[in-house]
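Just below is one structure, and these are the notes that go with it.
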Amino acid sequence: MATTPSVRRLARFSRTERTLHWVHASAFLVLLASGLCLHLPSLAELIGRRPLLKDIHVYTALAWLAALALVLLAGDRRRLLATAREIDSFDADDLAWLKRRRAAQAASMPVRRSTRSSPPHSPFSSPSPGSSSGTASATTPSGSKTP
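Counting in my numbering, the sequence shown runs from 43 upward without gaps.
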């Protein structure tokens, strides 16, 4: 009977980065759900407890800010700063992706990822260089008032 080789796990992100990710993800989902229920009349009628939804929405936002502050104060700030710099960079890989995308669009072909054998140099290598900026702007509070 053959034995399976042991698998060694490689930490792609630090504990601080993972914590920051899950703080954002969980708060975003609760805020999205409660915000949709507050904004869309059909969902508001379905739930029927508007004051409770408002409280959930507001307190989740406050908890989100407190959790972010806690992660920034207690976490690995150097690693977070390096991550922020890396996300905000535009390098040769991004330029090559844009060139392939433009060529594929001109030929009306789907864009394929690179077939190189080595993994990308960054854990943040994404198909779109502007994806982090788009995500940040999409999650910025709109400031709209709900009745």
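Heads up, the beta-carbon is just placed ideally off N, CA and C, and yes, glycines get one too.
Item, Value
"Note down, in chain order, each residue of its chain lying with its Cβ closer than 7 angstroms to the Cβ of T58, except the 5 sequence neighbours on either side.", "V113, G117, D118, R121 and L122"
"Tell me the rounded alpha-carbon separation between A69 and P83.", "22 angstroms"
"Measuring only the C-alpha atoms, how far is L137 from H81?", "40 angstroms"
"Give the straight-line distance between the Cα atoms of I89 and T61, rounded to the nearest whole angstrom.", "31 angstroms"
"Does the region 70–78 come within contact of the region 89–106, defined as at least 3 CB pairs closer than 8 angstroms?", "yes"
"In the structure shown, what three-state DSSP assignment does R51 receive?", "coil"
"Suppose the cutoff is 7 angstroms on Cβ atoms and the five residues either side in sequence are ignored; what does the same chain contact list for H99 look like?", "L73, S76, G77 and L80"
"Could you name each continuous beta strand (DSSP E) segment of 3 residues or more that falls completely within the region 52–98, going from the start of the chain to the end?", "none"
"D135 lies in the alpha helix (DSSP H); which residues open and close that run?", "A134 to A148"
"Rounding to the nearest angstrom, what Cα-Cα distance links H63 and I129 in this structure?", "14 angstroms"
"For R92 and A149, what's the separation of their Cα atoms in angstroms?", "51 angstroms"
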